[in-house]
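Read through the structure below, which is laid out as structure tokens, and then see the notes.
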Amino acid sequence: MSESQPLLKVDNLQVSFKTDDAQVRAVRGVSFDVYPGETVGLVGESGSGKSVTNLALMGLVPKPPGRIDGGTVLYQGKDLLTLSDQQMQSIRGRRIAMIFQDPMTALNPLMTVGQQLTEMTRLHLGLSRKEANRQAAEMLDLVGISGAEKRLRDYPHQFSGGMRQRVMIAMALSCEPDLLIADEPTTALDVTIQAQILDLLRDLQQRRGTSIIMITHDLGVVAEICHRVLVMYAGRVVEKADADALFADPKHPYTQGLLRSLPRFDQTAETLEAIPGQPPDLGHLPDGCSFRPRCPVAIDACKTQDPALVNLDGRRKAACLVAQQEAVDV
Amino acid sequence: MSEINPTPSTPLLSVQDLRVHFPFSRGSFLSPQRGVIRAVDGLSFDIAKGETLALVGESGCGKSTTARAIINLVHPTSGSVRLEGVDITRLGDREMMPYRRVVQMVFQDPFASLNPRMTVGSIIGEPLAVHGLASGKDRKLEVLRLMDLVGLNPRFLNRYPHEFSGGQRQRIGIARALAVEPKLILCDEPVSALDVSIQAQIINLLMDLQQRLGLSYLFIAHDLSVVRHIATRVGVMYLGRLVELGEAESVYANPTHPYTEALLSAVPIPDPSKAESRQRIRLEGEVPTPDREHVGCSFADRCPLVVDKCRFERPPHEQVGSATEVHTVACWERG
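Sequence order for the protein chains is A and B. Under our numbering, the residue at position 63 of the first sequence is numbered 44, and the numbers go up by one with no gaps. So our numbering is basically just the index in the second sequence, starting at one, shifted up by 110.
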């Protein structure tokens, strides 16, 4: 996979928002690549910057109060951050599509599902009404909605939560995008439906070779579907690794803490090892490493140095002075 | 509460054949269709002192309605809810007051369940005032004690809810519930709105309080990993009925109802090496709306093991495994 060219190359992305009392730096220098056909997981808690990162990729950061402070997002040699709104429109939905957490608010309640599905293909692919309708029915069929032709005439409220998410996926995939950004696509769904949707995404990826960026707070979902994982904390990537390596032997104390604090379905424990304290206030970040106030292994240097994301053993990178020290000692 | 004298064998809470049906009408104004949503449809279980019973199931299975019926926020259509031996389903608001001290509730959304115009001190102190338990300086001291108990800094006494994070707000909600010294706390998805690192803090707090105060919990959650960690017993609900009930260890190790099997096999495990080797049982379709009566088993329409009998006769709960195990299942094929 590493020999091929990355589909998307994000380099040192920085996004901030203006609030009443501070310039809040939501994304502070995030870099990653997405290769064709792979699923990259973006994991983090609320306020870690995972959703804002992806809004920036799609050119959807509201400005103001938002502001892109720097960085590049290279897609087919073009920097998406410098494109005009009009140029971006020819990529958004066509080349890079997105599915959202809540399918009820992401679908237009006043339009039939068919109208919403054909709107994009007619606009982006220039299909006629008839062709678009036929293609829309095919897409619904593909995502496992039976009686597709009839259901095109239904409105979103006539679908259940899981079915609506299938409609969202059908819509996102109808222009055959290279990259699908899925922002917490199963968080609002029940577990059995979540399993169905994850199966569907995996299956579609195999058939079409679509790359997926999966944004989630659920480490179980990451383990099920992602090839590589970025762990985010306070607007930074703190660990980047193959999924297997990350779960087997996490290196950053935050990742370690997250995995230890998780109640496990497959094992029992007396008490959970919670991470003490609260996620940081992005408007008032501490000096040095932003995880230091909650970190069990912090050393003096962590108070002053904000660690960079450094390669530890070829398979992974971590932004932690202690982990980097250990990697050198070994 | 001198009027309540339970015998030692009376369970703290006993729910018998509880039904909560909501009438509805839909369709046009001229040709309305009327029907009944059977949110809870014949549910029976007990909760003993000091134990945690978890109700699990997917949206619409009736787990939250069950909790609301237990504190008389919705009125059951039939069946009984006995608290320390007394049926509370027919009690009026005033007669209900002493029992509201026995059962308290902690809600899912710590952003919606605290009054934004009240300080933390007055939120936690309100139940003390309502029940006439403490006033003046005593009340303030009691509030400070409760804040300390749930791990809130007493300096925050005069702050407002918006100044707190989700986890801290959930602590405020727990302190409020503890104020009247209840014996049973109904926790409706108490950690599902919280971040992972904070979830563990609240779960640990709930378990610690249970040990120190001898509390019982009815724990409602859809996260089966959280339930495994906290529950003594687990009840699996489907369309308003319990399909399986047993000690947590036994249910997780030996899921017997086909629905329980499917539900447990759908939980993602945060370990890719295990994720690949797991056997999955995938259910087709989704949980239907409970708007029709099931003469037989409510799961029959989606069950991979269905036989004719399942559609016409309701399966009773039968013992699973050896007689010493506390574990029953309602299934004709597996019972």
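Think of the CB as a built atom: it goes at the ideal place given N, C-alpha and C, for glycine as much as any other residue.
TODO: Put histidine 233(A) into one of helix, strand or coil per three-state DSSP.
DONE: In the structure shown, histidine 233(A) sits in coil (DSSP, three-state: anything other than H, G, I, E or B).
- [ ] Buried or exposed for leucine 140(B), please, with buried defined as at least 16 other CB atoms from any protein chain shown within 10 angstroms of its CB.
- [x] Counting Cβ neighbours within 10 Å, leucine 140(B) comes out exposed, since fewer than 16 surround it.
Open item on the list: When you compare the CB of glycine 264(A) with every CB in chain B, is at least one pair closer than 8 Å?
Closed with: Look at glycine 264(A): its C-beta is not under 8 Å from any C-beta on chain B.
TODO: Give, in chain order, every residue of the segment 227 to 240 of chain A whose Cβ lies closer than 8 Å to some Cβ of chain B.
DONE: Taking 8 Å as the Cβ-Cβ cut-off against chain B, the residues of the segment 227 to 240 of chain A that qualify are Phe228, Ala229, Gly238, Leu239, Leu240.
- [ ] Could you spell out the range, first to last residue, of the alpha helix (DSSP H) harbouring arginine 84(A)?
- [x] In the sequence as presented, arginine is not what sits at residue 84(A); that position holds proline. Unbroken alpha helix (DSSP H) run through proline 84(A): 84 to 87.
- [ ] Could you tell me whether any Cβ in chain B is nearer than 8 Å to the Cβ of proline 45(A)?
- [x] It does not: the Cβ of proline 45(A) has no partner Cβ on chain B nearer than 8 Å.
- [ ] Check isoleucine 181(B) in the structure and name its three-state DSSP category.
- [x] Isoleucine 181(B) falls in the coil class under three-state DSSP.
Open item on the list: Using a Cβ-Cβ cutoff of less than 7 Å, which residues in the same chain neighbour alanine 308(A) once the five nearest sequence positions on both sides are dropped?
Closed with: Within its own chain, the residues whose Cβ lies closer than 7 Å to the Cβ of alanine 308(A), once the five positions on either side in sequence are excluded, are Leu293, Asp294, listed in chain order.
TODO: Mark histidine 332(B) as exposed unless 16 or more other C-beta atoms lie within 10 angstroms of its C-beta, in which case mark it buried.
DONE: So histidine 332(B) ends up on the buried side.
Task: Under 8 Å (Cβ pairs) to chain A, residues found in the segment 385 to 414 of chain B - done: Contact annotation: in the segment 385 to 414 of chain B, residues whose CB is within less than 8 Å of a CB in chain A are Ala385, Arg390, Arg392, Leu393, Glu396, Val397.
TODO: Using a Cβ-Cβ cut-off of 8 Å, state whether proline 90(A) counts as contacting chain B.
DONE: Under the 8 Å criterion on CB atoms, proline 90(A) is classed as non-interfacial with respect to chain B.
Task: Local conformation of aspartate 14(A) per DSSP, three classes - done: Residue state, collapsed to three classes: strand.
Open item on the list: For glutamate 371(B), would you say it is in contact with chain A, using Cβ-to-Cβ distances shorter than 8 Å as the test?
Closed with: Not closer than 8 Å to any Cβ of chain A, the Cβ of glutamate 371(B) fails to qualify, so no.
- [ ] Find the residues of chain B that neighbour phenylalanine 246(A), judging by a C-beta separation of less than 7 Å, and give them in chain order.
- [x] In chain order: Leu334, Ser335, Arg338, Val377, Ile379.
TODO: Flag asparagine 268(B) as yes if its beta-carbon sits less than 8 Å from any beta-carbon of chain A, otherwise no.
DONE: Using a CB distance cut-off of 8 Å, asparagine 268(B) does not count as an interface residue toward chain A.
Open item on the list: Contact defined as beta carbons within less than 8 Å: I believe cysteine 420(B) pairs with glycine 431(B). What is the distance between those atoms, to the nearest angstrom?
Closed with: About 22 Å separates the two Cβ atoms, so there is no contact after all.
TODO: Look at the alpha carbon of asparagine 263(B) and the alpha carbon of valine 212(A), and state the distance between them as a whole number of angstroms.
DONE: For asparagine 263(B) and valine 212(A), the gap between their C-alpha atoms comes out near 31 Å.
Open item on the list: Quick check on aspartate 305(B) - is its C-beta less than 8 Å from some C-beta in chain A?
Closed with: Chain A has a Cβ within less than 8 Å of the Cβ of aspartate 305(B).
Task: Selection from Ser(-3)(A), Leu160(A), Leu123(A) that minimises the alpha carbon distance to proline 46(A) - done: When each option's Cα is compared against that of proline 46(A), the closest is Ser(-3)(A).
Task: Candidates Lys384(B), Ala363(B), Lys247(B), Ala341(B): closest to cysteine 297(B) by CA position - done: Check the Cα spacing between cysteine 297(B) and each of Lys384(B), Ala363(B), Lys247(B), Ala341(B): the tightest is with Ala341(B).
Open item on the list: Residues of the segment 208 to 224 of chain B in Cβ contact with chain A at a cutoff of 8 Å, in chain order, please.
Closed with: Residues are counted here when their Cβ sits less than 8 Å from a Cβ of chain A; for the segment 208 to 224 of chain B the count is zero.
- [ ] Can you grab the Cα-Cα spacing for the pair aspartate 381(B) / alanine 229(A), in whole Å?
- [x] Spanning the two alpha carbons is a distance of roughly 8 Å.
Task: Runs of alpha helix (DSSP H) lying entirely within the segment 201 to 259 of chain B, each at least 4 residues, in chain order - done: 203 to 210, 230 to 240, 246 to 259, all fully within the segment 201 to 259 of chain B.
Open item on the list: Contact criterion: CB-CB distance below 8 Å. Does proline 426(B) meet it with respect to chain A?
Closed with: With respect to chain A, the C-beta atom of proline 426(B) has no partner C-beta closer than 8 Å.
Task: Extent of the continuous beta strand (DSSP E) to which leucine 133(A) belongs - done: Premise fails: leucine 133(A) is in no beta strand (DSSP E) and is neither H nor E.
Task: is_contact[glutamine 177(A), chain B] using C-beta, thresh 8 Å - done: Interface criterion met: the Cβ of glutamine 177(A) is under 8 Å from a Cβ in chain B.
Open item on the list: Going by beta-carbon coordinates alone, are threonine 438(B) and glutamate 423(B) separated by less than 8 Å?
Closed with: Not in contact: threonine 438(B) and glutamate 423(B) (Cβ atoms no closer than 8 Å).
- [ ] Could you list which residues in chain A have their beta carbon closer than 8 Å to that of alanine 363(B), in chain order?
- [x] Chain A residues near alanine 363(B): none, gap ~10 Å exceeds 8 Å.
Task: Helix, strand or coil at aspartate 151(B) according to DSSP, with G and I counted as helix - done: If DSSP states are grouped into helix, strand and coil, aspartate 151(B) belongs with the strands.
TODO: Determine the burial state of histidine 339(B): buried for a count of at least 16 other Cβ atoms within 10 Å of its Cβ, exposed for fewer.
DONE: Buried, since its Cβ has 16 or more Cβ neighbours within 10 Å.
Task: Inter-residue Cα distance where the pair is valine 212(B) and serine 190(B) - done: Going by C-alpha positions, valine 212(B) is about 17 Å away from serine 190(B).
TODO: Kindly indicate which three-state DSSP category isoleucine 144(A) falls into: helix, strand or coil?
DONE: Checking the displayed sequence, the identity of residue 144(A) turns out to be methionine instead of isoleucine. In the three-state reduction of the DSSP assignment, methionine 144(A) falls in the helix class, which pools H, G and I.
Task: Three-state class that DSSP yields for leucine 367(B) in the structure shown - done: For the record, residue 367(B) in the displayed sequence is histidine; it is not leucine. Coil.
Task: Contacting positions in the segment 192 to 209 of chain A - beta carbon closer than 9 Å to chain C - done: Protein chains in the displayed structure are A and B, and chain C is not among them.
Task: Residues of its chain near proline 469(B), where Cβ-Cβ distance is below 7 Å and the 5 sequence neighbours each way are ignored - done: Residue numbering for chain B in the displayed model covers 111 to 445; residue 469(B) lies beyond these limits and cannot be assessed.
TODO: Check each residue of the segment 285 to 316 of chain B: if its Cβ is closer than 8 Å to any Cβ of chain A, include it; give the result in chain order.
DONE: Asp305, Val306, Ser307, Ile308, Gln309, Ala310, Gln311, Ile313, Asn314: these are the residues of the segment 285 to 316 of chain B whose beta carbon lies less than 8 Å from some beta carbon of chain A, given in chain order.
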